[in-house]
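Here the structure is laid out as structure tokens; the discussion comes afterwards.
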Amino acid sequence: MSVSVISQAGTLPAATPQADAVPLDPRRWAMFVVLLAGAFLPPLDFFIVNVALPSIREGLGASPSAEQLVISSYAGLYAVTLITGGRLGDLFGRGRVFILGLIGFAAASLLCGFAWSPWSLIAGRALQGVTAAVMAPQALASVQAMFPEKEKPLALSLYGAVFGLASVVGQALGGVLISLDLMGLGWRAIFLVNLPVAIVVVLFGISILKETRAQDARRLDLGGTALSMVTLGALILPLIEGREAGWPLWSLLSLAAVPVLARFFWRYESRLARSGGTPLLDPAALQAPGLGRALLVALSFYSIGAFFLLFSIYLQGALHVSALSAGFVFLPFGAGFLLGPLSTSAGRQIFGAYVNPIGLGLETIGLLGLVWLIMATPTGAPPAPVPLGVILFVIGFGQGLGLPTLMRMVTGRVAPAFSGMIAGIVSSTLQVSTALSVAVIGGIFYTVLDARTDPAAITQAFIVAVLCIAVCLAGGAWLGITLAKATFPGPT
Numbered sequence: 011m012s013v014s015v016i017s018q019a020g021t022l023p024a025a026t027p028q029a030d031a032v033p034l035d036p037r038r039w040a041m042f043v044v045l046l047a048g049a050f051l052p053p054l055d056f057f058i059v060n061v062a063l064p065s066i067r068e069g070l071g072a073s074p075s076a077e078q079l080v081i082s083s084y085a086g087l088y089a090v091t092l093i094t095g096g097r098l099g100d101l102f103g104r105g106r107v108f109i110l111g112l113i114g115f116a117a118a119s120l121l122c123g124f125a126w127s128p129w130s131l132i133a134g135r136a137l138q139g140v141t142a143a144v145m146a147p148q149a150l151a152s153v154q155a156m157f158p159e160k161e162k163p164l165a166l167s168l169y170g171a172v173f174g175l176a177s178v179v180g181q182a183l184g185g186v187l188i189s190l191d192l193m194g195l196g197w198r199a200i201f202l203v204n205l206p207v208a209i210v211v212v213l214f215g216i217s218i219l220k221e222t223r224a225q226d227a228r229r230l231d232l233g234g235t236a237l238s239m240v241t242l243g244a245l246i247l248p249l250i251e252g253r254e255a256g257w258p259l260w261s262l263l264s265l266a267a268v269p270v271l272a273r274f275f276w277r278y279e280s281r282l283a284r285s286g287g288t289p290l291l292d293p294a295a296l297q298a299p300g301l302g303r304a305l306l307v308a309l310s311f312y313s314i315g316a317f318f319l320l321f322s323i324y325l326q327g328a329l330h331v332s333a334l335s336a337g338f339v340f341l342p343f344g345a346g347f348l349l350g351p352l353s354t355s356a357g358r359q360i361f362g363a364y365v366n367p368i369g370l371g372l373e374t375i376g377l378l379g380l381v382w383l384i385m386a387t388p389t390g391a392p393p394a395p396v397p398l399g400v401i402l403f404v405i406g407f408g409q410g411l412g413l414p415t416l417m418r419m420v421t422g423r424v425a426p427a428f429s430g431m432i433a434g435i436v437s438s439t440l441q442v443s444t445a446l447s448v449a450v451i452g453g454i455f456y457t458v459l460d461a462r463t464d465p466a467a468i469t470q471a472f473i474v475a476v477l478c479i480a481v482c483l484a485g486g487a488w489l490g491i492t493l494a495k496a497t498f499p500g501p502t
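As numbered in my numbering, the sequence shown has no gaps in its residue numbers, which increase by one up to the final residue, 502.
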């Protein structure tokens, strides 16, 4: 990478093999729009199902444990497959892998839409998670491969805006589709709506997408793939299921095994690289300067994941707000998350590499402002809507501002030949961040709450949890500042 790239993006040259040289394609923006569908559908399907769970429970007679698996089967398999999905694009072509993943996702959505029992729905959700992880990293990986340096910030801003759009659309669309009860489908419509989208994207994608891949593409590291999925599974599954199940022995043993599995996986990948193979995680790419700290920023980034669950509990449990009204309370956050990524280009011109920590700092300030507002409001009474809306907008704007720059902070440190691999790693790191947030901060919330259910107890537990999230985000902001200072050691 050139010095100009370092000064603009806050990245450092990676000690990696030469990137695959892909000539600029005049249709690259049209190609990218097609690939963005793969980034939009996975978060959309996560948010939309949360809204539909009561209807699914009634329609299929699902037990509470089966209801939880409808969520966790998707989230867990999505997280553990992301790295493999990214590497598949590097090896076999990102356009081809994207199309195959999208077709698989459509088939899984069809299975979910016509599920005849809770377990058939869970099987469909698991298949959705795997296929979503195959298609999702291809858009982020293609940014490195398709665009020149001057166009990458805009591409990453659009990539980040897609997540904000998915959060807004997902929370609203589920309720709308269920209320409309199109053709008597009820909750099934939230899955079947994916089919026309997939068909249109596949038809356009086949004619538009051109292949980008690593120059030295060989064969998939099957051993590394298996070890990575086992290692991530040992971490993710107990984090998702452990607290709900009361932290049974299997969950503790699984977490204890993670360092051992990770060490074994790393040694396997290192031996494969030394022998001339193509490891799933290439040690050369992971030794890029600053990459470790950048991934730690990513690990802290979605510590806000527990906020959505706990804020809903606060709204409905302490303030007795209806579920529909609670969904609308989140709209300022979604609006901020949508607008934040579109502001990153202007932010980078003013603040350079400091945009990401500024975004995390805005989230921290917003969360502290929310604590102040709740503490200044009588227990059981709703906070003033205008200050609450402004605070939620600031939190969402900060997260939206930080996401594209986070992606650039990580992916910009390795050569495009490793784009799929690093896209899978950062996406998987964000999923781990969410799971850790829900497990750890959610656990703190329920520990403070204990067995009480009165508004004062819920409010107190929520305030403690929000402060914990603010500390995590402040830590991520500090790490981002150290990375920016390493890039700009002098006055800026």
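In this text, a Cβ means the ideal position worked out from N, Cα and C, and glycines have one as well.
Open item on the list: Quick check on the DSSP output: the alpha helix (DSSP H) that includes residue 140 runs from which residue to which?
Closed with: 128-156
- [ ] Would you kindly check if the distance between the Cβ of residue 348 and the Cβ of residue 164 is under 8 Å?
- [x] No; because the gap between Cβ atoms is not below 8 Å, this pair is not in contact.
Open item on the list: Under DSSP, the alpha helix (DSSP H) around residue 417 begins and ends at which residues?
Closed with: 395-421
- [ ] Specify the secondary structure class of residue 329 as computed by DSSP and reduced to three states.
- [x] coil
TODO: Could you tell me the distance, in whole angstroms, from the CA atom of residue 354 to the CA atom of residue 495?
DONE: 19 Å
Task: Check whether residue 417 and residue 307 have beta carbons under 8 Å apart - done: no
Task: Identity of the residue in 450, 330 and 421 nearest residue 245 by Cα - done: 450
- [ ] Determine contact between the region 452-471 and the region 283-298, defined as no fewer than three beta-carbon pairs at a distance below 8 Å.
- [x] Fewer than three Cβ pairs drawn from the region 452-471 and the region 283-298 lie within less than 8 Å of each other, which leaves the two stretches out of contact.
Task: Contacting residues, own chain, Cβ-Cβ under 6 Å from residue 128 (five flanking each side not counted) - done: 70, 72 and 76
Task: Coil, strand or helix - residue 443 by DSSP - done: helix
- [ ] Quick one: give me the first and last residue of the alpha helix (DSSP H) that residue 361 is part of.
- [x] 354-361
Task: Length of the line joining the Cα atoms of residue 270 and residue 186 - done: In this structure, the straight-line span from the alpha carbon of residue 270 to that of residue 186 is close to 47 Å.
Task: Minimum C-alpha distance to residue 155 - residue among 485, 35 and 351 - done: 35
Task: Residues of its chain near residue 19, where Cβ-Cβ distance is below 6 Å and the 5 sequence neighbours each way are ignored - done: With a pLDDT of 34 at residue 19, under the threshold of 50, the predicted position of this residue should be treated as unreliable, though the coordinate-derived value follows. Within the same chain, residue 19 has close Cβ partners 418 and 422.
Task: Contacts around residue 196, its chain only, beta-carbon distance under 8 Å, and the 5 residues preceding and following it disregarded - done: Excluding sequence neighbours, residue 196 sits near 65, 69 and 188.
Open item on the list: Nearest by alpha-carbon distance to residue 171: which of 327, 53, 402 and 475 is it?
Closed with: 53
Open item on the list: Which complete alpha helix (DSSP H) runs does the region 30-90 hold, if anything under 4 residues is left out?
Closed with: 38-70
- [ ] Would you identify the three-state DSSP class for residue 307, choosing helix, strand or coil?
- [x] helix
Task: Straight-line gap, residue 256 to residue 453 (C-alpha atoms, nearest Å) - done: 10 Å
Open item on the list: Would residue 124 and residue 145 qualify as a contact pair, given that the criterion is a beta-carbon distance under 8 Å?
Closed with: no
Open item on the list: On the criterion of 16 or more Cβ atoms from any shown chain inside 10 Å, does residue 3 qualify as buried, or is it exposed?
Closed with: Because the chain here runs from 11 to 502, residue 3 falls outside it and cannot be looked at.
Task: CB-CB length for residue 490 against residue 410, believed under 8 Å - done: About 15 Å separates the two Cβ atoms, so there is no contact after all.
- [ ] Round the Cβ separation of residue 48 and residue 111 to the nearest angstrom and send it over; I've been treating them as touching at under 8 Å.
- [x] 7 Å
- [ ] Going by CA-CA distance only, name the one from 433, 159 and 318 that's closest to residue 341.
- [x] 318
Task: Anticipated Cβ contact below 8 Å, residue 405 with residue 371, distance rounded - done: Contact flag wrong, Cβ pair sits at about 11 Å.
Open item on the list: Using only the alpha-carbon positions, how far apart do residue 330 and residue 475 sit?
Closed with: Taking C-alpha positions only, residue 330 is separated from residue 475 by approximately 20 Å.
Open item on the list: Looking at residue 6: is its Cβ nearer than 8 Å to the Cβ of residue 89?
Closed with: The displayed coordinates of the chain run from 11 to 502. Any statement about residue 6 would go beyond what the structure contains.
Open item on the list: Quick check on residue 30: buried or exposed, where buried means 16 or more other Cβ atoms within 10 Å of its Cβ?
Closed with: With a pLDDT of 44 at residue 30, under the threshold of 50, the predicted position of this residue should be treated as unreliable, though the coordinate-derived value follows. With 16 or more Cβ atoms within 10 Å of its Cβ, residue 30 is classed as buried.
Open item on the list: One question on the structure: do residue 141 and residue 231 come within less than 8 Å of each other, judged by their Cβ atoms?
Closed with: In terms of Cβ geometry, residue 141 and residue 231 do not form a close pair [threshold 8 Å].
Task: Classification of residue 431 by the beta-carbon crowding that lies within 10 angstroms, buried from 16 upward - done: With 16 or more other Cβ atoms within 10 Å, it is buried.
Task: Rounded C-alpha distance that separates residue 321 from residue 408 - done: In this structure, the alpha-carbon of residue 321 lies about 18 Å from that of residue 408.
Task: Whole runs of the alpha helix (DSSP H) within the region 226-290, excluding any shorter than 4 residues - done: 232-251 and 259-284
Open item on the list: Quick check on this structure: which residue in 283, 263 and 412 has the alpha carbon closest to the alpha carbon of residue 233?
Closed with: 283
- [ ] Report yes if the CB atom of residue 108 is closer than 8 Å to the CB atom of residue 252, and no otherwise.
- [x] no
TODO: Identify the continuous alpha helix (DSSP H) that holds residue 104 and give its terminal residues.
DONE: That run of the alpha helix (DSSP H) goes 104-123.
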